[in-house]
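Worksheet: the structure to be examined is printed underneath.
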Amino acid sequence: MLPRHWPIRDRGSPFAGLTERELRRGSDRLQDYLDPWGDLTSRDVGASGPRRLLEFAVDAPGQELNVGVELVYREYYSRGARGRWDIAKYTYEYLDVRRRHRLAYHLHDVHGRPMVPHAHCGPNHDPAEEEGRGHLRATLYDLREVHEIFMRFYASDLSPDCSTFLPLVVDRSS
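Quick note: the sequence shown uses the numbering used here, first residue 3, plus one each step.
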């Protein structure tokens with residue numbers, strides 16, 4: 003079972019909604035969790051509307067550079083039944099500033115298939131430009147799990163090995 007702050011958990015549906023209080027409490031806990039790792043900025047946009055973005059950005063220090071790694075975690079929500087928040091998609095990004103390398107874990111629609119977890123790995127290009135290509139297999143991740151993966155790369159001063167990922171194959175026939 004995924005941690006309590008994560009909206010994809012077993013309540014009879016894989017994408018059960020969160021109350022306003024649960025989402026706010028989860029956001030506060032994530033800020034507390036991420037803050038020690040570098041300069042943290044966070045945004046909560048759209049709480050009064052039908053769509054919402056929670057964004058956490060961490061600039062982790064580097065040896066030669068002021069910023070060694072940029073981490074950007076975005077969780078997008080839509081207001082569902084009874085005003086609860088349902089996850090619509092996420093993008094978790096690791097950008098190695100010195101090596102100009104990117105590892106990203108995403109959950110969103112791909113080639114007409116809803117909510118496909120996948121990854122992107124390789125030279126740091128514009129994520130919007132890269133989104134249409136280079137999808138790699140991945141599994142659903144919790145933000146904390148992804149942060150631990152990213153911090154292992156940061157602590158070891160190594161880039162992710164993109165050769166360990168397999169290409170994502172999405173059946174477009176059904």
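Think of the CB as a built atom: it goes at the ideal place given N, C-alpha and C, for glycine as much as any other residue.
This structure is a prediction, so every number in the text was calculated from the model and none was measured.
Exercise. Whose CA, out of Arg45, Cys164, Asp41 and Ala83, lies closest to the CA of His103?
Worked result: Numbered from its first residue, the sequence shown carries residue 103 at position 101. The shortest C-alpha separation from His103 is found at Cys164.
For this session: In angstroms with no decimal places, state the Cα-to-Cα distance between Trp87 and Leu55.
Result: Counting from one through the sequence shown, the residue named residue 87 turns up at place 85. Counting from one through the sequence shown, the residue named residue 55 turns up at place 53. Going by the C-alpha atoms only, they are around 11 Å apart.
For this session: Could you tell me how far apart the beta carbons of His137 and Val112 are, in whole angstroms, since I believe they sit closer than 8 Å?
Result: Translated into positions along the sequence shown, residue 137 becomes position 135. Translated into positions along the sequence shown, residue 112 becomes position 110. With 8 Å as the limit, His137 and Val112 qualify as a contact, their Cβ atoms being about 6 Å apart.
Exercise. Under the three-state reduction of DSSP, which class applies to Met3: helix, strand or coil?
Worked result: Along the sequence shown, read from residue 1 onward, the residue named residue 3 stands at position 1. Reliability of the predicted coordinates at Met3 is poor, the pLDDT of 30 falling under 50, and the value obtained from them is presented with this limitation in mind. Here Met3 sits in coil by DSSP.
Problem set entry | Inside the segment 62-130 only - beta strand (DSSP E) runs reaching at least 3 residues | 71-81, 87-98, 103-112 and 115-125
Exercise. Is the distance from the Cβ of Gly19 to the Cβ of Ala83 below 8 Å?
Worked result: Against the sequence shown, residue 19 aligns to sequence position 17. Against the sequence shown, residue 83 aligns to sequence position 81. Cβ atoms of Gly19 and Ala83: closer than 8 Å.
Exercise. If we count the other Cβ atoms within 10 Å of its Cβ and call it buried at 16 or more, is Asp12 buried or exposed?
Worked result: By one-based count along the sequence shown, residue 12 stands at place 10. Interpretation of Asp12 is limited by its pLDDT of 42, a score under 50 that renders its predicted location unreliable; no figure is taken from the coordinates.
For this session: Output the boundary residues of the beta strand (DSSP E) element that contains Val148.
Result: Counted from its first residue, the sequence shown places residue 148 at position 146. Note, Val148: premise wrong, no beta strand (DSSP E); alpha helix (DSSP H) at Leu145 to Ser158.
Exercise. Beta carbon of Glu57, beta carbon of Arg76: below 8 Å?
Worked result: Taking the sequence shown and counting its residues from 1, one reaches residue 57 at position 55. Taking the sequence shown and counting its residues from 1, one reaches residue 76 at position 74. Cβ distance < 8 Å, so Glu57 and Arg76 count as in contact.
For this session: For Leu25, name the three-state secondary structure that DSSP assigns.
Result: For this step, residue 25 is matched to residue 23 along the sequence shown. DSSP places Leu25 in helix when its eight states are reduced to three.
Problem set entry | DSSP three-state assignment for Leu36, whether helix, strand or coil | As a position in the sequence shown, residue 36 is number 34, starting the count at 1. Helix, per DSSP.
Exercise. Helix or strand or just coil, what does DSSP make of Pro16?
Worked result: Position 14 of the sequence shown, counting from 1, holds the residue named residue 16. Note that Pro16 scores 38 on pLDDT, short of 50, meaning its location in the model is unreliable; the coordinates nonetheless yield the value given after this. Three-state DSSP puts Pro16 in coil, outside helix and strand.
For this session: Put Asp30 into one of helix, strand or coil per three-state DSSP.
Result: Here residue 30 corresponds to residue number 28 of the sequence shown, with the count starting at 1. For Asp30, the three-state secondary structure derived from DSSP is helix.
Problem set entry | Terminal residues of the beta strand (DSSP E) in which Asp163 lies | One-based indexing of the sequence shown puts residue 163 at position 161. Note, Asp163: premise wrong, no beta strand (DSSP E); not H, not E.
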